[in-house]
Each structure stands twice: as structure tokens, then as C-alpha cells.
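> Residue numbers (the working numbering), protein chains in the order written: chain A, 850 to 1133; chain B, 1105 to 1210; chain C, 1354 to 1516; chain D, 144 to 246.
Given below as C-alpha cells:
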């Protein structure tokens, strides 16, 4: 009986939705216009926050937490992951090659270009995916996307790009535009029993608190990854952050580096174009 | 501390939590099996839509646990609730198919 | 092992390196009601770390009670970013500081950390502590044989929307 | 194994400011792991800093000190280029020492 009641109320709401003037989603996605609107929204919402400071997430919006953060930054907890990453980056694989051979410019100072759209494959390639592909191409076992080894590598690569503006490209290729749009869809779609989308927290309520934590603005949210979270007392890759965000809204997470997550990272990174890379970061 | 409010969706989810239990007739294993199968089918559909809920999974597991302990009343109730949760997650996926565009920053 | 005879035989314990501590009679020992179990020796204060409440821990560590003093500047966050990493630091203008300790009143064991401040070391310490829940952080400074304290409450709760 | 101690000691001629970060779990013994068993207590108990054989700072720590512990203090009487010896011992008896140069 309860289930039928539910469906009736749902259908009523759906009917109502149709009468609302249908969203004027342009047919072909226009990333540049989206990015401009996205940025203007946050700059208008937080006029006092300097544009490049948005990459510091909650610390750009809360004074008390910023002080705690600045104090920690003197000797940050991600120091060990950074040094481990540097060492791993230099240690050759069994076949003598190193990560430097897989990446442009030897992997130094290139994090800001990831994720990029691979025209040959027709798919978005993120830094974490590229690192594991490099390992497999050189006969090494891939790392888990949510564990420390991957976080150390991406921490080091992010560190070598600190300060460089995020530079994500969406080529005028229908597949790239589709991937971008898929990421946008994921970002704004409500999920989980708590019925939140990424936007519910990071667009609608940045600066507000969920208990002890202050919500980070979506603008520049990718720039600080990977992050050392006091909550995990350990490093967190982009994949680990997306998986935990899902489970917090009681949605069953997808596999790390699945299409939706990579497209989401593609969309969100594009929104932060021009903002400096500040990874690896320390967060509550 | 402002609690995040998000309209009728929240009440929809809350209503589901207070799923009523079955009338007094003792549930048999067959009742449970049927309800469990229905719940699993709904959950499979939610999985196809990439929109499962962790609470559905937990309730399914609880149903199976009660069943193995022989408590079919509890197992049946849990299976019913799991089905309702799975159906709600399916409804969420379908209703959000277009509605997400309303939230996009323009 | 060079001995530090350059140090004036002041009223505090003369500190040696890893060697046995030579407890030289304190000038005004007679004045102190209790023998000065100054924390300024090298032995790990096992017993003090076992005490539950901050009062018992202070007594076990120093053998006497402290009086609040605004000369002890305790710097703690109003709301801890995360209970497992709470930056806490203390500095003081008091002279002749020999020991600084931190207590978290409602942790399973109140004493969190205790520092020996030898001659020539400045009386300020910063560290990161764990806090079980919202409660008082107490900093104790032992200056010229007397104890001074500062107390502040730190709010601690978990983060996230509890998925 | 690289040292677990990271130190930054900077002298301005008169006062040397020392910051140390140590890689250590600092387990309290009260936390359960994923399988539900208690993770045994494993924390640094004593950390000493020595300059020219003289202890300039000594820390007695309990399990309430944060994971990967950090401490900052300053002391007088050292000059650029001097050595600063850092050593810790934990409740299992494990130790690590390191010699740092004062910048």
C-alpha cells in the first residue's frame, strides 16, 4: 500500500515538472559559457574571496579554520606522501624505464593539463588512469586508485605544478562535448537516499557547515587534490574523494575511474580553468 | 547550523523509512522468498541505472540475515522495505533524468 | 660526556644528558611543602599518563596544584577542524620556565604531552593533539618551582553528513 | 628505510627555531580496525633533541598526541651549521635517531 502511495505522489510531482518551463539546455553544450557563468556565480556569492583563493576550499571561507590550516601548512602532514612520491617517481620499473618516460616533460609540471580528452580513444584520461596505464605498459601491477601509492605519485606530480593555472581543453569533438556534458549531468544529478547532488553541497551551500566541516566551493575544488584529510589521517586521491562523497549521501559508489567519475573530473576541472594548482592539499 | 533543506524529495525519502510491517499473520519462508526476489529485481534495475542506495543494500543484507536466523517476520519486513528503497532509487534516477538541468548555473 | 658545570647552581635541577640525574639539593627545598618532583628529569612520567582526570594527572606529574595566570597564553582553535589533529600551542612571559604540559580534560587519560624546558630553551611549544570530544584544554607552565595554568574549551565533533 | 624524522632548524644567529614532523601511527590502543579487533597501543613516549651533547628539549608523549606528530620549539646557544641530534623511543621499544644541520 505504501509503495503505491509513493508512486502516485511521484507521478503528480512529475506532471507538475512538465508544466514548469522546460530548462533551456542549449542543444550543443557550450563549455566556455558554462565556465564563465560558473565562475561569476561564486565570485558574486563570495565577493570578498580572491579568485585564486577558491582553490583553498573551506579555508577561503572560514577564518578560524584558515588559521588552523596555515599553522599546519608550515609542516604539512602530506610531507611524507610527497617525499614517497618523489622517490617512487625516480625509481625505475623492473624494465629500467620510469614514469618520466610515460609523460610529456618527464611528468614534471604537467598536472594542470589533466584530465584531457584522448582523441584516439575518444575518452577522458585522468592523471590517475594515465599513471596506472604507464605502470601496466611497463609490466608493473597497477596501483589501487584509493590507496597511498597512487596518492603519493599524484601528490608529487601536483606539487611540481603548484601555482600553474588549471588548463583543461574541451576540443570541438562531439565525443569530448558528450563526455563534458556527462560530467555536468553527474555533478547536478541528485543521488543517494539523502537525495543530494554534488551541487547541493558545493554550489548551494559552500561555507555552510555539516557538523564540524565547512563545505568547499565547487570552483577550484579539484585544484588541491590529492589531499591529506585529518578525518582519514591519510592521503586521499581524487577517486577516494568521489567514492566517499557518494557514500556520504548513501549512494552506492561506482568503481574508481569509471566513465562518470572521469567525466565529472573533466567537467569540474574545466570549470576551474585559470585557477592555480594547489595540490597536494591538507583538509579537515 | 543551517540544516540543508531540499524540498519534497527529503520528505519522500523519510516517508519510506517508516515502512509499515505486515499484519499479524506469521510470515512463511515462501512469503519471504517472493518479497526478497522482488526486492533483488528492483535493486538490479537500480544498479543498471547506476543509482543504487547503500541503505537498500544494507536492508537486503538484514533481510537475508533474519531469514537465515529463521525469523521470517523480520525478514519479510526487511525485504519489503528493501524493495521500497530500491524502487525509490529507481524513481529518483528517472525523475532526475531531466530535472538536473534546472539546477545548472546559467 | 661533557658535564655542564658552566651552568650556575641555580634553584633548578642541573640537567645532565643521558647520564643519571644528580639531584643537587635545591636551595629553597625546605620551603616547598612537598619534595619537588620536578618534571625536569628525564624519566618518562608513566604514572602521570595513567591518571584519568587532569587534576590527578597534574598532581602525579608535579605534586602540587596550579593557579590560573594570564601570563600563560594558550592558543587553541574555537572549533577543532578535526578531533584527531588539533593544533595547540602555548607561550608565556613567565621567567625560569622548566616544564610545560598539556592536558585534555575529557580524554581517556587527561595528560597528553609534557615537555622539559632546559636552560636556554624558550618557554613556548606548539604541537598537535587528539581530542575525544568537546572539552577543556589545559596548559600548565612550571616557572621557578610554581605552577601556572591556562584553560580553554575546544569544540570537537565529527564532520560530514553521516552517510 | 628513510628516516621517520623530518626536521627544520633555522637559526637567526641567536635563537634557533626547530620544527619536527615524525612519521608514526601514534595508535591509542582504543581504536578498532576494519575487522573489529583493537589496534594495539603504539605511540612515541619520549623524544629528545640534543645540541653539543646537551639536551635542549625533551618531550614525554602519551597516545593523545596526533598521528605523524609535530612539535615546534626554540632554543638559544646554537649557530648555523651546528648539529642537532633527534631521537625517539616508543612504547614497543622501537627507536629512530637522526642528525640535522641547523640552517
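We put the beta carbon where it would ideally sit given N, CA and C, even for glycine.
Just so you know, these numbers come straight off a predicted model, no measurement behind them.
Tell me the rounded alpha-carbon separation between residue 900 of chain A and residue 1051 of chain A.
The C-alpha of residue 900 of chain A lies about 16 Å from the C-alpha of residue 1051 of chain A.
> Between residue 1039 of chain A and residue 1049 of chain A, how many whole angstroms is the CB-CB distance? I'm expecting something under 8 Å.
7 Å
> Scan the region 193–211 of chain D for residues whose Cβ lies nearer than 8 Å to a Cβ of chain C and list them as they occur along the chain.
193, 195, 196, 197, 198, 199, 200, 201, 202, 203, 204, 205, 206, 207, 208, 209 and 210
> Kindly provide the ranges of any beta strand (DSSP E) runs that are 3 or more residues long and lie completely inside the region 1411–1452 of chain C, ordered along the chain.
1425–1428 and 1439–1445
> What residues from the region 910–928 of chain A come within 7 Å of chain D, judged by C-beta to C-beta, listed N to C?
923, 924, 926 and 928
> Taking residue 222 of chain D as the reference, which of D:146, D:147 and D:153 has the closest Cα?
D:153
> Can you give me the C-alpha to C-alpha distance between residue 1422 of chain C and residue 1455 of chain C, rounded to a whole angstrom?
15 Å
> What does a CB cutoff of less than 7 Å around residue 1459 of chain C pick up in its chain, not counting 5 residues either side in sequence?
1485, 1486 and 1488
> Using a beta-carbon distance below 8 Å, is residue 1181 of chain A in contact with chain D?
Coverage of chain A is limited to positions 850 through 1133, which leaves residue 1181 of chain A absent and any answer about it impossible.
> Tell me whether residue 211 of chain D is buried or exposed, calling it buried when 16 or more other Cβ atoms sit within 10 Å of its Cβ.
Buried, by the Cβ-count rule.
> Given that residue 1483 of chain C touches chain D, what residues does it touch there, using C-beta distances under 9 Å?
169, 171, 206, 207, 208, 209 and 210
> Can you give the Cα-Cα distance for residue 1036 of chain A and residue 1087 of chain A, rounded to whole angstroms?
15 Å
> By DSSP, does residue 1396 of chain C sit in helix, in strand, or in coil?
coil
> Looking at C-beta atoms only, is the number of pairs between the region 945–953 of chain A and the region 1099–1111 of chain A that lie closer than 8 Å three or more?
no
> Per DSSP, which one or two residues make a beta bridge with residue 150 of chain D?
DSSP lists D:163 as partners of residue 150 of chain D.
> Where residue 1200 of chain B and residue 990 of chain A are concerned, what is the direct C-alpha to C-alpha distance, given to the nearest angstrom?
Here the C-alpha atom of residue 1200 of chain B lies approximately 39 Å from the C-alpha atom of residue 990 of chain A.
> Enumerated in chain order, which unbroken segments of the alpha helix (DSSP H) with a length of 4 residues or greater are wholly contained in the region 981–1069 of chain A?
997–1008, 1023–1037 and 1047–1051
> How many Å lie between residue 1128 of chain A and residue 1012 of chain A at the Cα?
9 Å
> Figure out for me which residue from D:242, D:197 and D:188 has the closest Cα to the Cα of residue 233 of chain D.
D:188
> Taking C-beta to C-beta, are residue 1476 of chain C and residue 203 of chain D nearer than 8 Å?
no
> Can you have a look at residue 1021 of chain A and say buried or exposed, based on whether 16 or more other CB atoms are within 10 angstroms of its CB?
exposed
> Consult DSSP for residue 1130 of chain A and reduce its assignment to one of helix, strand or coil.
strand
> Do the CB positions of residue 1072 of chain A and residue 1015 of chain A come within less than 8 Å of each other?
yes
> Can you name, in chain order, every residue of its own chain whose Cβ lies under 7 Å from the Cβ of residue 1206 of chain B, other than the five neighbours on each side?
Result list for residue 1206 of chain B: empty, nothing under 7 Å.
> Any beta carbon of chain A sitting closer than 8 Å to that of residue 1497 of chain C?
no
> For chain G, find out if any of its Cβ atoms is closer than 8 Å to the Cβ of residue 1501 of chain C; answer yes or no.
Checking the listed chains, one finds no chain G in this structure; the protein chains it contains are A, B, C and D.
> Using a Cβ-Cβ cutoff of 8 Å, what residues of the region 1421–1432 of chain C are near chain A? List them in chain order.
1430, 1431 and 1432
> Have a look at residue 1447 of chain C and residue 911 of chain A and give me their C-alpha separation to the nearest angstrom.
Computed Cα separation, rounded: 33 Å.
> What is the residue span of the alpha helix (DSSP H) that residue 193 of chain D lies within?
No alpha helix (DSSP H) contains residue 193 of chain D, which is instead part of the beta strand (DSSP E) from 187–194.
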